[in-house]
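A short write-up of the structure that comes next.
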Amino acid sequence: MQILNEIQNGIKDALLSEYNHTIPVESVLISQTRKEFTGDYTIVVFPFVKALKSNPVEIGNTLGKYVVENNNSITDFNVVKGFLNFSLSPEYWKGQLAEISSNMDFGSHPKNGKKVMVEFSSPNTNKPLHLGHIRNILLGWSCSQILEKAGYEVIKTQIINDRGIAICKSMLAWQLYGNGDTPKSTNIKGDLFVGKYYVLFDQKLKEEYSEWQSSEKGKEVYASSHKENQSEENFFKAYKNTYFNQYSILGNKAKDMLLSWEAKDDTIRNLWMMMNSWVYDGFEETYKKLGVSFDKLYYESDTYLLGKKIVEQGLNSGTFYSEDDGSVWIDLEDAGMDKKLILRSDGTSVYITQDIGTAQVRNNDFGVDRMVYVVGDEQDYHFKVLFQIMKRLGEPYADDMHHLSYGMIDLPTGKMKSREGTVVDADDLVKEVIEEARNSSAERGEIGEMDKVEQEDILRKIGLAALKFMIIKIQPKKRMIFDPKESVDMQGQTGPYVQYAYVRIKAVLRKYNQNEVGSYEAYTKPNEFEMALLKEIVEYPSLIKDAAENLDPSSIANYSYNLAKTYHRFFHEVRILNAESEPAKAFRLELSKVVARVMQGCMELLGIEMPEKM
RNA sequence: GGUUCCGUAGCUCAGCUGGAUAGAGCAGCUGACUUCUAAUCAGCAGGUCGCAGGUUCGAAUCCUGCCGGGAUCACCA
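Straight run, no breaks: the first sequence in this note's numbering ends on number 662.
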């Protein structure tokens, strides 16, 4: 903000003029004055004490006097201990309001000409989306919106993990037990339908395994391979993977299927395409409900072989090295990491090889300056390694690769596990939260008069706001606990609370006649409630900048809550339409309009829609 | 074990690029709807900021060590 620079420069000039002391402008610490003290902005004087060999209060007074005399917007100052508080004139604040209200793009930063690709969601096609995906999706979406507002051109993408043994399990189970059912014939959502067969496969495998354990072969294996003191139960638990790979009929069939898939066998490919298309229809429905979309999709089936060319380049440049068995590695020990395998000894690529290749393809496709990966924190190390490798390969965007890492969502009973059926399904959750909005609304009856369609739309907005806000307001890094049995809050620090502040403004704006409102030029001095709002609003642009820099949507959520809180208080304490004077009324209406716009802007960044009534 | 993240009120969380007396919400208690929508507002109560050192005029914030919890350390993805 302009005024902050003016104050900082004023301090710098004052130091030079009064003490003949030179400092860089940036070293002047400036912050908002705390509510308990008079003033708008505060300078901390302590850092100058040593160099000036004087006491903080005296320095504060000297500097304050100088700055007030040399700046028209600054009318007064006071010094408390080492803190120098400045007060700005009512004209300045009225000017701020006028400026903000005339700037329809307030908060948006000018285009910076940079492209950033944000990857989020990235589901597997063998099971439906769950609560964990919701956190990922909301963070990714919101981050994209924030970056756009901060001046970037954003490309939203997801990589769909559509191949591998997992989807083969679903396919096989459907082949064996599906009786030709389809999502249409059973009226089950596509992703749920396919997920059902994934679970079914696991069940059948378990049955097969437990039968095998009591067979001749099973007993023999246990007798010859178990460790001393290892119970049968523990042994077979640990042996599960080996069983799947060596003895399991289902396991072998699934693996055969994967091989056929890789060999591009027509029958398998067709089955695969059919089942995946069911899943995509299901995903699309969920994304739509959540209000998110993507600009570009990448499929693992297209990218899983990528990256081999890079290996050659890397070997030539000496970034990679090969072992005697033909495997390719990179040594990252000097960067505090381990040696990392890039290519298996059989020449096939691993996860990170794909990721290297995919990053390059994306850059070829779009020419990106930055990349953001929204992925859970269990992959922190993976991304650290990936980014380091990209740097060593000399990729131009490598210094601007970011992992927006977030903590898992736990249930009160522990972790969510899809195999144990303890996941909270995304669609179920959305449905539930809308029901909760319905219950809360029924107690109030504000929207009871409206027609059904309009009502449903509002309930949907409220329910989703509650859900989204609850998740986004928590800093991404933190793990969070979610209790599906406890209803999502609609009161207090919540999405509906912010929506309600907006709705109150809309209600007021609906009631007055536009033509009646005059100018607030003659409004002499904004009161404390109006000032509190103004001071928060002017922070909006720098909030966006910080949120974009830190990739932190939670700061937007917290800001919008605070703004709503300040407005609710203002609304309670101050009359708008029955204001004491016409200028006061005009001022409050203008202020309310601006608050509504900023709140709506914030919520849009979080993917939350505002209702006009509730 | 190495690396890394987290630890703030009964619960869920802000605050962390060092600044004034550590803030909200929920839950509990008290009060405010003939008023622009009470999904609101005001108040009470609730804290060794995990522990111990250090740096500093000043530490919840930075550094070191420890304790507790999570993640990760595959020729898996």
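The beta carbon of each residue, even a glycine, is placed where N, CA and C say it ideally should be.
Practice task
Measure the C-alpha to C-alpha separation of F517 and K509 and round it to an integer number of angstroms.
Solution key: 12 Å
Exercise for the section: Tell me whether D250 sits in a helix, a strand or coil according to DSSP, three-state version. Expected result: In the structure shown, D250 sits in a helix (DSSP, three-state: H, G or I).
Practice task
Give a yes or no on whether the C-beta atoms belonging to S593 and H69 are separated by under 8 Å.
Solution key: For the sequence presented, residue 593 should be read as Lys rather than Ser. Contact: no.
Handout entry: Rounded separation between K344 and K60 - CA only
Key = 50 Å
Problem - Cα-Cα separation between Y225 and L298, rounded to whole angstroms - result: So the alpha carbons of these two residues sit roughly 12 Å apart.
Practice task
Compare the Cα-Cα distances from L253 to each of K175, Y571, S296 and H450 and report the closest residue.
Solution key: Measuring from the Cα of L253, the nearest candidate turns out to be S296.
Problem - Per DSSP, the bridge partner or partners of I404 - result: Answer by DSSP bridge pairing: none, since I404 is not bridged.
Handout entry: D329 - containing alpha helix (DSSP H), residue span
Key = D314 to L338
Problem - Inter-residue Cα distance where the pair is Q402 and V409 - result: 10 Å
Exercise for the section: Kindly give me the distance between the Cβ atoms of F131 and V92, rounded to whole angstroms, as I take these residues to be in contact under 8 Å. Expected result: 6 Å
Practice task
State the DSSP-derived secondary structure class of D386, mapped to helix, strand or coil.
Solution key: Under the three-state reduction of DSSP, D386 is assigned to coil, being neither helix nor strand.
Handout entry: Exposed unless 16 or more other CB atoms sit within 10 angstroms - verdict on D600
Key = buried
Problem - Euclidean distance between Cα positions of V471 and K162 - result: 39 Å
Exercise for the section: For E280, count neighbouring Cβ atoms within 10 angstroms of its own Cβ and tell me buried if that reaches 16, exposed if not. Expected result: Flag for E280 reads exposed.
Problem - Host alpha helix (DSSP H) of K593 (start-end) - result: First-last of the alpha helix (DSSP H) with K593: Y588 to N598.
Practice task
Would you decide whether A221 is buried or exposed? Buried here means 16 or more other CB atoms lie within 10 Å of its CB.
Solution key: buried
Practice task
With a cut-off of 8 Å on the beta carbons, I'd call F342 and T205 a contact; round off their distance for me.
Solution key: 6 Å
Exercise for the section: Check E569 in the structure and name its three-state DSSP category. Expected result: Here DSSP, grouped into helix, strand and coil, assigns E569 to coil.
Practice task
Could you spell out the range, first to last residue, of the alpha helix (DSSP H) harbouring F94?
Solution key: F94 to L100
Practice task
Determine the extent of the beta strand (DSSP E) in which L77 is found, giving its start and end residues.
Solution key: No beta strand (DSSP E) contains L77, which DSSP labels as neither H nor E.
Handout entry: Cβ-based burial, I529 [other Cβ within 10 Å; buried from 16]
Key = exposed
Problem - Cβ-based neighbour list, V398, same chain, cut-off 8 Å, excluding 5 preceding and 5 following - result: L389, I390, L391 and R392
Handout entry: First and last residue of the uninterrupted alpha helix (DSSP H) at E371
Key = Segment: none, E371 is in no alpha helix (DSSP H) and carries neither H nor E.
Problem - Residue range of the unbroken beta strand (DSSP E) whose run includes R418 - result: R418 to G424 is the span of the beta strand (DSSP E), which, as asked, contains R418.
Handout entry: Nearest-angstrom Cβ-Cβ length linking L625 and K559, presumed shorter than 8 Å
Key = 6 Å
Exercise for the section: Sort L77, A62 and D153 by Cα distance to Y114 and report the nearest one. Expected result: A62
Exercise for the section: Mind checking who S676 pairs with in its DSSP beta bridge? Expected result: What the structure shows of the chain is the stretch from 49 to 662, and residue 676 is not part of that stretch, so it cannot be assessed.
Handout entry: Span separating the alpha-carbon of S272 from that of N293
Key = 18 Å
Handout entry: Cutoff 6 Å; reference P231; Cβ partners in own chain excluding five residues on either side
Key = If we look at P231 and ignore the five residues flanking it on each side, its Cβ neighbours are G238, F241 and W326.
Exercise for the section: Identify, in the order they occur along the chain, each residue of the same chain with its Cβ nearer than 7 Å to the Cβ of I553, setting aside the five sequence neighbours on each side. Expected result: S640, V643 and A644
Practice task
Check each candidate in I71, F85, N119 and R82 and name the one with the smallest Cα separation from A99.
Solution key: I71
Problem - At least three beta-carbon pairs within less than 8 Å, the stretch 412 to 429 to the stretch 442 to 452 - result: yes
Exercise for the section: Output the boundary residues of the beta strand (DSSP E) element that contains D379. Expected result: V376 to D379 is the span of the beta strand (DSSP E), which, as asked, contains D379.
Exercise for the section: Could you name the residues that DSSP lists as bridge partners for H430? Expected result: H430 pairs with nothing; no bridge assigned.
Exercise for the section: May I have the straight-line CA-CA distance separating P138 from I585, to the nearest angstrom? Expected result: 16 Å
Problem - Endpoints, the beta strand (DSSP E) within which K129 is located - result: Per DSSP, K129 belongs to no beta strand (DSSP E) and is neither H nor E.
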